[in-house]
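Here is the structure we will look at.
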């Protein structure tokens, strides 16, 4: 089925459902397109609004997302341009319409599980999905620069997509570097070379991925075991890797945390890592999700794994 990525024509009725989030740079709201349907379901969109101070970042994000239309693991952007309008206060606003993720962010999703720890089979599946997205991003010559659970969205059937490209850079771009702002992104997810030298290369995203994988296992942010200090990274330290996570997961994370960026390999190579080729039937039982029966969760995961296995057979993977 071909995805319609257009914005409703002028005159189509839009209904504001709720504000999903708000920050210093703007807000994200849930919009319902009345009278317009996508298949059998009413179409919703997440509308990202920025003020004039952050308009450049929104325009850049829209331009990058436009290059990824049709990419399964990257949030889709509707329309052909950034919309400009005057709000009720008389200020100029800038808006882009994007896919709405009913499951919220990966962090929201993790909060539904006991101690925010995800089941091992789901972590492997999620890691593969994130890597598939990174492979596309890096293949287009970009570095996301701010990969973290808040910027990974959960869609129906536990499908993940990478979002928020406001800080993304071209691979190797250093023109943005300033002494007052020596690195892009969120410090606890940044790599040593990014913190020390302001480097924005693909290895940064792979380091961040290692942090995300650890977080899915532990339910805790990286560096949770100590007071985080940028000097730890500059000295070549890495976040604590617990002893009780599976051996192949530990090897995968250690690859992501390699001090030399070329030893982190690349997204395509990591997709072939043993961590993502394990026998899911021999993996530990899922953890209990809050307010949901563990048998129901296991059944859902089993159905999804069966569907994914069929898709792999069809593709010859």
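Numbering (my numbering), first residue to last: 6 to 322. Each residue gets a CB set at the ideal place from its N, CA and C atoms; glycine is no exception.
Exposed or buried, residue i, counting other C-beta atoms within 10 Å across all chains shown (16 or more means buried)?
i	result
residue 252	exposed
residue 85	exposed
residue 247	exposed
residue 196	buried
residue 204	buried
residue 206	buried
residue 215	buried
residue 77	exposed
residue 127	buried
residue 262	buried
residue 174	buried
residue 74	exposed
residue 167	buried
Would you tell me roughly how many angstroms separate the C-alpha atoms of residue i and residue j, rounded to the nearest one?
i	j	result
residue 123	residue 52	29 Å
residue 265	residue 226	23 Å
residue 66	residue 228	29 Å
residue 194	residue 259	15 Å
residue 87	residue 236	40 Å
residue 149	residue 176	9 Å
residue 135	residue 95	40 Å
residue 292	residue 271	Any reading at residue 292 must be qualified, since the residue scores a pLDDT of 38, below 50, and its modelled position is unreliable; the value itself is stated next. Approximately 31 Å between the Cα atoms of the pair.
residue 125	residue 92	47 Å
residue 178	residue 172	12 Å
residue 217	residue 154	7 Å
residue 81	residue 69	11 Å
residue 254	residue 48	38 Å
residue 118	residue 19	34 Å
residue 83	residue 146	22 Å
residue 289	residue 249	For residue 289, the predicted model reports a pLDDT of 35, less than 50, meaning its position is unreliable; a value from the coordinates is still stated below. Answer to the nearest angstrom: the Cα atoms are 12 Å apart.
residue 79	residue 231	33 Å
residue 156	residue 38	25 Å
residue 169	residue 110	11 Å
residue 61	residue 120	39 Å
residue 267	residue 200	17 Å
residue 112	residue 202	29 Å
residue 98	residue 115	33 Å
residue 21	residue 58	24 Å
residue 278	residue 192	27 Å
Between the beta-carbon of residue i and the beta-carbon of residue j, is there less than 9 Å?
i	j	result
residue 213	residue 152	yes
residue 164	residue 276	no
residue 56	residue 31	yes
residue 35	residue 50	yes
residue 280	residue 256	yes
residue 198	residue 190	no
residue 23	residue 54	no
residue 211	residue 269	yes
What are the partner residues of residue i, as DSSP defines its beta bridges?
i	result
residue 105	Note: residue 105 sits in no beta bridge, so no partner.
residue 174	148
residue 219	DSSP output for residue 219 lists no bridge partner at all.
residue 68	Paired residue(s): none; residue 68 is not in a bridge.
residue 191	DSSP lists no partner for residue 191.
residue 155	Answer is none; residue 155 lacks a bridge partner.
residue 31	28, 55
residue 80	Paired residues: none, contrary to the question.
Regarding residue i and the ligand MG, is the C-beta to nearest heavy atom distance less than 8 Å?
i	result
residue 122	Among the ligands in the structure shown, none appear at all, so the ligand MG cannot be discussed.
Any C-beta of chain C sitting closer than 9 Å to the C-beta of residue i?
i	result
residue 150	Of the protein chains in the structure, only one exists, and it is not chain C.
Is it the case that the region 158 to 173 contacts the region 99 to 107, given that we only count it when at least three CB pairs across the two stretches are under 8 Å? They touch, by the three-pair rule.
Any chance the region 213 to 223 sits against the region 117 to 136, with 3 or more Cβ pairs inside 8 Å? Output reads yes: the region 117 to 136 touches the region 213 to 223.
Could you check whether the region 226 to 245 touches the region 134 to 145, counting it as contact only if at least three pairs of C-beta atoms, one from each stretch, sit closer than 8 Å? Counting C-beta pairs with one atom in each stretch, the region 226 to 245 and the region 134 to 145 have fewer than three that are closer than 8 Å, which means they do not touch.
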